[in-house]
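Okay, structure first, notes after.
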Amino acid sequence: MRTVTNGGHVEAADRSLLETALREVHEEAGIPPGALCATAAYGHLPIDIDVFDIDANPAKREGAHQHWDFRFVFHLVDRDVKVTAQPEEVSAPQWVAFDRVTAPQLRAKLSASRLDGRIEPANASALIHDGHGRYLLHLRDDIPGIWAPGAWALLGGGREPGDTSLEDTVRRELREEAGLEPGVVEPFAVELATGTDGLTVPVQVFTARWNGDPARLPLTEGVMLAWFRPDAMERLRLSPSTLDLVRRHAHHAARSGPDGPKAGSTGVPHIVGVHLYLERDGQVLLGLRHPGSAYASGTHHFLAGHCEQESAVACLVREAQEEAGLLIDPDDVELAHVVHMVDKAGDQPRIGFVFRARQWTGTPQVREPDRCVSWDWWPADALPEPIVPYTRAAIEGIRAGRPYTELGWT
Numbered sequence: 069m070r071t072v073t074n075g076g077h078v079e080a081a082d083r084s085l086l087e088t089a090l091r092e093v094h095e096e097a098g099i100p101p102g103a104l105c106a107t108a109a110y111g112h113l114p115i116d117i118d119v120f121d122i123d124a125n126p127a128k129r130e131g132a133h134q135h136w137d138f139r140f141v142f143h144l145v146d147r148d149v150k151v152t153a154q155p156e157e158v159s160a161p162q163w164v165a166f167d168r169v170t171a172p173q174l175r176a177k178l179s180a181s182r183l184d185g186r187i188e189p190a191n192a193s194a195l196i197h198d199g200h201g202r203y204l205l206h207l208r209d210d211i212p213g214i215w216a217p218g219a220w221a222l223l224g225g226g227r228e229p230g231d232t233s234l235e236d237t238v239r240r241e242l243r244e245e246a247g248l249e250p251g252v253v254e255p256f257a258v259e260l261a262t263g264t265d266g267l268t269v270p271v272q273v274f275t276a277r278w279n280g281d282p283a284r285l286p287l288t289e290g291v292m293l294a295w296f297r298p299d300a301m302e303r304l305r306l307s308p309s310t311l312d313l314v315r316r317h318a319h320h321a322a323r324s325g326p327d328g329p330k331a332g333s334t335g336v337p338h339i340v341g342v343h344l345y346l347e348r349d350g351q352v353l354l355g356l357r358h359p360g361s362a363y364a365s366g367t368h369h370f371l372a373g374h375c376e377q378e379s380a381v382a383c384l385v386r387e388a389q390e391e392a393g394l395l396i397d398p399d400d401v402e403l404a405h406v407v408h409m410v411d412k413a414g415d416q417p418r419i420g421f422v423f424r425a426r427q428w429t430g431t432p433q434v435r436e437p438d439r440c441v442s443w444d445w446w447p448a449d450a451l452p453e454p455i456v457p458y459t460r461a462a463i464e465g466i467r468a469g470r471p472y473t474e475l476g477w478t
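The sequence shown begins at 69 in this note's numbering and counts up by one.
So this is what it looks like as structure tokens:
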């Protein structure tokens, strides 16, 4: 028996090859576009194009011609969706492993793709706030064919080939759409939106702080930018998920307390991060950051996190459990090193506390796959590449007995 993927011929009403593929999957297998999302690796492009010759068929009044197969690949977002095949179209639908796909060319590409079903954002947006309860919204053009026409939304867009990370994507979009260049952007949440083609679109939402006049920004897309408080947003034409996102951030800000300097202060707030240094038989525990991570994508790094409304040691204990399933007693923690750094002139400074845990319970597990794809033990004198520069500097400082390192200051 030959297994084939869902598909069919382009119809006159189809606006694109992608729309044809989505229609055929829905018609043949009962899987709607909203249950699927594009992969970060291929987006809306086909994973494979196959061209083969078709002999003439006088009965159908068809001459000899070439047949083109455009094959798209999607991730299943809704794992509970029921596959309901049309008997006249297909029979015995089943899920098969990549190495059992019948078409040799497609089988080879799938096997080499490293696709594993993980939902990875390929779009990014910015939740910009002024630190005093106001949020920046973008009124979109009321033009058919664009996402959320005529509605208020967050600034942002899709990842492009030149973007090295989703943080690069959101920074580029802010520059291109509104001339905005915030100093610090941080990941906040991954939201699921619906694209114009009906596909589910995972969006990495970043937060950034800015308190300027939106009327003075060189807006290149949309109608206008304006500040709003969450209670006023209920009266706007606005996606419910965006309103929920703003409320969640406002609640989080209320719990965390005011951030940033007071009015009239000349101080510069520092980002405080904690890092876990675990050593076992001369080896150090490091995680490989996810390729789509906003910070240090595809790079080895400590288990780490930013302090919230908590002590540094409490943050370390929390992050160790959330990221790797490790249980650490605060009494078993000691400060091993401090790194004071700035990435480049004008960036927000960072202070990194590196703590050593003398003992712990559990084996490192990947608990947050959108941030870290693996945990491994590495010889302290043969660290992997690529590695976050200040991670290497801290490990070298600890081994040399130095308590403090400065990086990036001129």
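Just so it is clear, CB atoms sit at the ideal spot from N, CA and C, and this is done for glycine as well.
Residue environment, residue i, which counts as buried when at least 16 other CB atoms sit within 10 Å
i, result
"Glu474", "exposed"
"Asn191", "buried"
"Trp220", "buried"
"Ile122", "exposed"
"Phe140", "buried"
"Gly332", "Reliability of the predicted coordinates at Gly332 is poor, the pLDDT of 42 falling under 50, and no value is obtained from them."
"Pro329", "In this prediction, Pro329 scores a pLDDT of 41, lower than 50, which makes its location untrustworthy; the coordinate-derived value is nonetheless stated afterwards. The residue is exposed, with fewer than 16 neighbouring Cβ atoms inside 10 Å."
"Phe120", "exposed"
"Glu302", "exposed"
"Glu259", "buried"
"Pro326", "Low confidence applies to Pro326: its pLDDT is 49, below 50, so where it sits in the model is not reliable, and the reading given next is rough at best. Exposed, since its Cβ has fewer than 16 Cβ neighbours within 10 Å."
"Pro452", "exposed"
"Ala283", "exposed"
"Gly360", "buried"
"Gly465", "buried"
"Arg83", "exposed"
"Arg208", "buried"
"Met409", "buried"
"His369", "buried"
"Pro337", "exposed"
"Thr107", "buried"
"Thr232", "exposed"
"Arg467", "exposed"
"Ala392", "buried"
"Glu92", "buried"
"Thr71", "The pLDDT assigned to Thr71 is 49, lower than 50, so where the model puts this residue is not dependable, and the model offers no usable value."
"Glu235", "buried"
Closest by C-alpha distance to residue i, when choosing among the options
i, options, result
"Pro454", "Phe120, His358 and Ile466", "His358"
"Asp137", "Glu130, Trp443, Asp118 and Arg147", "Asp118"
"Arg439", "Ala468, Gly465 and Glu390", "Glu390"
"Ile196", "Gln173, His206 and Asp265", "His206"
"Leu285", "Phe256, Arg243 and Gly201", "Arg243"
"Ser193", "Gly465, Leu248, Gly201 and Ser179", "Leu248"
"Asp146", "Asp265, Val258 and Pro101", "Pro101"
"Arg426", "Gly360, Glu347, Pro189 and Pro437", "Glu347"
"Asp444", "Ala257, Leu371 and Asp400", "Leu371"
"Ala322", "Pro398, Pro250, Ala246 and Arg202", "Arg202"
"His319", "Ala276, Glu402 and Pro298", "Pro298"
"Leu204", "Leu222, Asp231 and Leu183", "Leu222"
"Ser365", "Val456, Asp397 and His77", "Val456"
"Val422", "Leu183, Glu402, Glu95 and Gln377", "Glu402"
"Glu376", "Pro471, Val342 and Gln351", "Val342"
"Asp116", "Val253, Thr431 and Leu174", "Leu174"
"Pro189", "Thr310, Thr264 and Gln272", "Gln272"
"Ala261", "Gly225, Gln351 and Asp210", "Gly225"
"His200", "Gly280, Met292 and Thr152", "Gly280"
"Pro447", "Pro437, Gln351, Val381 and Pro432", "Gln351"
"Gly213", "Phe256, Thr264, Arg305 and Gly230", "Thr264"
"Val253", "Tyr363, Ala153, Leu86 and Asp312", "Tyr363"
Inter-residue CB distance, residue i and residue j (contact presumed, cutoff 8 Å)
i, j, result
"Trp429", "Leu395", "Here the sequence assigns Thr to residue 429, which means Trp is not the residue at that position. That pair is a contact at about 4 Å."
"His405", "Ala462", "5 Å"
"Gly185", "His133", "Gly185 to His133, Cβ: 37 Å. No contact."
"Ser442", "Leu356", "5 Å"
"Gly98", "Lys150", "7 Å"
"Ala109", "Ser181", "6 Å"
"Pro270", "Cys105", "6 Å"
"Arg418", "Ile339", "5 Å"
"Thr288", "Glu245", "6 Å"
"Gln416", "Gly251", "5 Å"
"Val314", "Phe274", "At roughly 14 Å, the Cβ-Cβ gap does not stay under 8 Å, so Val314 and Phe274 are not in contact."
"Asp399", "Gly476", "Their Cβ separation, rounded to whole angstroms, is 34 Å, which puts Asp399 and Gly476 out of contact at 8 Å."
One or two residues paired with residue i in a DSSP bridge
i, result
"Glu254", "Thr275"
"Gly479", "Only positions 69 to 478 of the chain appear in the structure, and residue 479 is not among them; the question remains open."
"Tyr203", "His197 and Phe296"
"Leu242", "In DSSP, Leu242 forms no bridge with anything."
"Thr13", "Outside the shown range of the chain (69 to 478) lies residue 13, about which nothing can therefore be said."
"Thr268", "Thr262"
"Asp444", "Leu354"
"Met409", "Arg418 and Leu475"
"Trp220", "Leu207 and Leu306"
Interface flag, residue i vs chain B, CB-CB below 9 Å
i, result
"Pro126", "Looking for chain B here will not work: only one protein chain is present."
Distance cut-off 8 Å: residue i Cβ against heavy atoms of the ligand HEM
i, result
"Leu204", "Ligands displayed in this structure: none; no statement on the ligand HEM is therefore possible."
Original post:
Which ranges would you report for the alpha helix (DSSP H) in the segment 76-161 if only whole runs of at least 4 residues count?
Top reply: 85-97
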